[in-house]
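Below is one structure, written out as structure tokens; the observations come after it.
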């Protein structure tokens, strides 16, 4: 018997009903994950095709589909494109993505063809470390390759997204000197400037990391040879605290803004429709 997307969604909803706990945000209290997701979704206004990494980027793109970018097309690393799942996928390879999708292809085809030629407006990624030029580390923490302090999952599709997407949006759950560093422990995904300096092979002329969304505010890179600049802080955040929590001498924009808080409508979509069991809003 073949199950429809609705059948799968209803079955999952019944199975997950008992998993809903008091961890859901109550009233107007906004969690860090909700804040990150809302501002990540807002950043997608005007974009048409996005490569979604695992975790909050997936949730943010789904929120954007329901708010600022209703026609945006999602490309998942697993090879699924154009999906509009009725419930949040547990991962980028969740079978809930398949019913109704525009196409399902092998990952080799996705990376060899779809991600080439800057057909992707935005690659939405996370990382363990980022430096001032938007180079990313998702490989290891520590100076010893053989015996690192922590061995991380690795690139996944991050380096291909960095090379092939027109620009990269980065979501970082915690803004600390350990995540925003002067020098990466390992360069997993080099930005255009780093790749050009290495002079090994070639990288397409994408812009690299242009926007970084954190629990303290928003950072922007305006050109390939420029550093990330603090362009907005969340309500109640002191810009001086953001500078202290950054591992390099962070520049503050003279036009620094305060981000508008999430609206009741955005929060209701996240809590009641998109992620009621808090798969990503942990």
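In the numbering used here, the protein residues as written are 3 to 284. For glycine and all other residues, C-beta sits at the position ideal for the given N, C-alpha and C.
Query, Result
"Per-residue DSSP class, three states only, for residue 257", "strand"
"Counted within 10 angstroms of its Cβ, other Cβ atoms place residue 118 as buried (16 or more) or exposed", "exposed"
"Element boundaries [beta strand (DSSP E), containing residue 40]", "Here residue 40 belongs to no beta strand (DSSP E); instead the alpha helix (DSSP H) covers 34 to 44."
"Member of 262, 150, 232 and 44 whose CA lies at the smallest distance from the CA of residue 64", "44"
"Nearest-angstrom Cα separation, counted from residue 78 out to residue 103", "11 Å"
"Distance between residue 200 and residue 223 (C-alpha atoms, nearest Å)", "21 Å"
"Anticipated Cβ contact below 8 Å, residue 39 with residue 74, distance rounded", "Wrong, their Cβ atoms sit about 15 Å apart, outside the cutoff."
"Nearest residue (CA-CA) to residue 188, options 173, 152, 163 and 33", "152"
"Secondary structure of residue 28, DSSP reduced to three states", "Interpretation of residue 28 is limited by its pLDDT of 41, a score under 50 that renders its predicted location unreliable; the figure taken from the coordinates is listed afterwards. Reduced to three states, the DSSP call for residue 28 is coil."
"Identity of the residues DSSP links to residue 213 by a beta bridge", "171 and 222"
"CA-to-CA distance, residue 156 to residue 114, given in whole angstroms", "19 Å"
"Residue 106 and residue 81 closer than 7 Å at C-beta", "yes"
"Where residue 114 sits in the DSSP three-state scheme", "helix"
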